[in-house]
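Numbering of the sequence shown is given in the numbering used here, commencing with residue 72 and proceeding in unit increments.
To keep things clear, I will list the structure first and then write my remarks on it.
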Amino acid sequence: MLQSFQQIIDIAKGKNATIALAGAEDIEAIKAIKSALDFGIRGILVGNKDIIKKHLETLQIDLPIVHSENETESSEKAVKLINEGKANILMKGLVKTATLLKAVLNKEWGLRTGNLLSHVAILETPGLDRLIFVTDGGMIIKPDLNQKVGIIQNAANLAHDLGYEKPNVALIAAVEVVNPDMPETMEAAIISKMADRKQIKGCNIDGPLGLDNALNLMAAQIKKVESEVAGKADILVVPDIHSGNFLGKSAVYLAKGKIAGLVIGAKVPIIIVSRADSSESKRNSIALAAAISK
Numbered sequence: 072m073l074q075s076f077q078q079i080i081d082i083a084k085g086k087n088a089t090i091a092l093a094g095a096e097d098i099e100a101i102k103a104i105k106s107a108l109d110f111g112i113r114g115i116l117v118g119n120k121d122i123i124k125k126h127l128e129t130l131q132i133d134l135p136i137v138h139s140e141n142e143t144e145s146s147e148k149a150v151k152l153i154n155e156g157k158a159n160i161l162m163k164g165l166v167k168t169a170t171l172l173k174a175v176l177n178k179e180w181g182l183r184t185g186n187l188l189s190h191v192a193i194l195e196t197p198g199l200d201r202l203i204f205v206t207d208g209g210m211i212i213k214p215d216l217n218q219k220v221g222i223i224q225n226a227a228n229l230a231h232d233l234g235y236e237k238p239n240v241a242l243i244a245a246v247e248v249v250n251p252d253m254p255e256t257m258e259a260a261i262i263s264k265m266a267d268r269k270q271i272k273g274c275n276i277d278g279p280l281g282l283d284n285a286l287n288l289m290a291a292q293i294k295k296v297e298s299e300v301a302g303k304a305d306i307l308v309v310p311d312i313h314s315g316n317f318l319g320k321s322a323v324y325l326a327k328g329k330i331a332g333l334v335i336g337a338k339v340p341i342i343i344v345s346r347a348d349s350s351e352s353k354r355n356s357i358a359l360a361a362a363i364s365k
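The structure is reproduced here in structure tokens:
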């Protein structure tokens, strides 16, 4: 069980990680890479070489540049750098997310694995003794049952890469009982039974669970919710992108927590940060990507 981002940074320091930054005209993205150089990260900057050179002079660092004329070319060249073995992390800069993902999903030279692409955020908050994974608050708007299974498998794989043997997965709903009028609770119960029958492996799964009795053992005991997961969840699977987005941002803005996020399910981790994210959040996301890089 990981308790802080410092532990993830320590793992990242032992990795041989290189980021291909698509759309490196974004000076904030270059700043984020610069902030991670101290734990061994390298970067290749893909974009307009004249603009990038000015940014590098301003930041007083030297990184290799691959010139491109537009965001489509930047995305394609960054993905191809990974396929050529020159980088093992993909990062979004000044390109549209849709453009970058189109390159990632290219059937000839993209980064497809056959798995669903999903987003996982990791939260460190003062009120908990462990890091919490939240998924999916960034990619799939309202996942169906099959997509939720894919989301769980991706998050469990991420946890395995970080050293978790069998992470605890909670399917979050407003209540911890099955209610036919609340489809999220029905799907949670179905997925829990699928896990019981070994249709989903590598993790313990329970749901539906409320947020309180997923995270807090006393809350679970008061409500008489008993399982391997109740009160001890590592991974929270939310019903839709809205609840995941709110949960992640509330941890930061209401609880003074820390956050990192990745898109996973491709051949390599993909960093898609918001320009509003703090420098610490961007650094944490890079550390997370490096920690699981291969």
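We treat Cβ as the ideally placed atom computed from N, Cα and C, and that holds for glycine.
#### Entry: Cβ contact (3+ pairs, closer than 8 Å) linking the segment 130 to 148 and the segment 89 to 104
yes
### Task
Mind checking which residues open and close the beta strand (DSSP E) that includes Val205?
Your numbering for residue 205 matches position 134 in the sequence shown. Per DSSP, Val205 belongs to the beta strand (DSSP E) from 203 to 206.
### Task
State whether the segment 137 to 152 contacts the segment 85 to 97, with contact taken as three or more CB pairs (one from each stretch) at a distance under 8 Å.
yes
#### Entry: Whole-number beta carbon distance between Ser263 and Gly278, since they are thought to touch under 8 Å
Within the sequence shown, residue 278 is the residue found at index 207, counting from 1. Within the sequence shown, residue 263 is the residue found at index 192, counting from 1. Gly278 to Ser263, Cβ: 5 Å. Contact.
### Task
State the DSSP-derived secondary structure class of Leu55, mapped to helix, strand or coil.
The structure shown has nothing for residue 55, since the chain only spans 72 to 365.
### Inter-residue spacing [alpha-carbon to alpha-carbon] between Pro214 and Lys320
For the purposes of this step, residue 214 is taken as the residue at position 143 of the sequence shown. For the purposes of this step, residue 320 is taken as the residue at position 249 of the sequence shown. Near 20 Å, if we compare the C-alpha coordinates of Lys320 and Pro214.
### Query
What are the boundary residues of the alpha helix (DSSP H) that Arg354 is part of?
Counting from 1 along the sequence shown, the entry for residue 354 is found at position 283. Element bounds for Arg354: 350 to 363.
### Task
Using beta-carbon positions only, say whether Ala358 and Ala91 come within less than 9 Å of one another.
Position 287 of the sequence shown holds residue 358. Position 20 of the sequence shown holds residue 91. Not closer than 9 Å, so no.
### Task
State yes or no: is the C-beta of Gly336 within less than 9 Å of the C-beta of Leu199?
Against the sequence shown, residue 336 aligns to sequence position 265. Against the sequence shown, residue 199 aligns to sequence position 128. Not closer than 9 Å, so no.
### With 16 other Cβ atoms within 10 Å as the buried cut-off, status of Arg354
Reading the sequence shown from its first residue, position 283 is the one you call residue 354. It counts as buried.
### Query
For Leu242, which beta-bridge partners are listed by DSSP?
Indexing the sequence shown from 1 puts residue 242 at position 171. DSSP output for Leu242 lists Val308 as bridge partner(s).
### Task
Name the residue from Ala241, Ile306, Leu325 whose alpha carbon lies nearest to the alpha carbon of Val191.
The residue given as residue 191 occupies position 120 in the sequence shown. Comparing Cα positions, the closest option is Ile306.
### Task
Could you check if Asn284 is buried or exposed, using at least 16 other CB atoms within 10 Å of its CB as the buried criterion?
Along the sequence shown, one-based indexing puts residue 284 at 213. With 16 or more other Cβ atoms within 10 Å, it is buried.
### Message
Rounded to the nearest angstrom, what separates Ala158 and Glu351 at their Cα positions?
### Response
Along the sequence shown, one-based indexing puts residue 158 at 87. Along the sequence shown, one-based indexing puts residue 351 at 280. Computed Cα separation, rounded: 23 Å.
### Query
Since Ala91 sits in a beta bridge, which residues does DSSP pair it with?
Translated into the one-based positions of the sequence shown, residue 91 becomes position 20. Ala91 is bridged to Ile115, Leu161.
### Query
Going by the CB atoms, is the gap between Gly209 and Gly315 shorter than 9 Å?
As a first step, residue 315 must be located in the sequence shown, where it is residue number 244. As a first step, residue 209 must be located in the sequence shown, where it is residue number 138. Cβ atoms of Gly315 and Gly209: closer than 9 Å.
### Task
Check Glu195 in the structure and name its three-state DSSP category.
For the purposes of this step, residue 195 is taken as residue 124 along the sequence shown, with counting starting at 1. The answer is strand: DSSP assigns Glu195 an E or B state.
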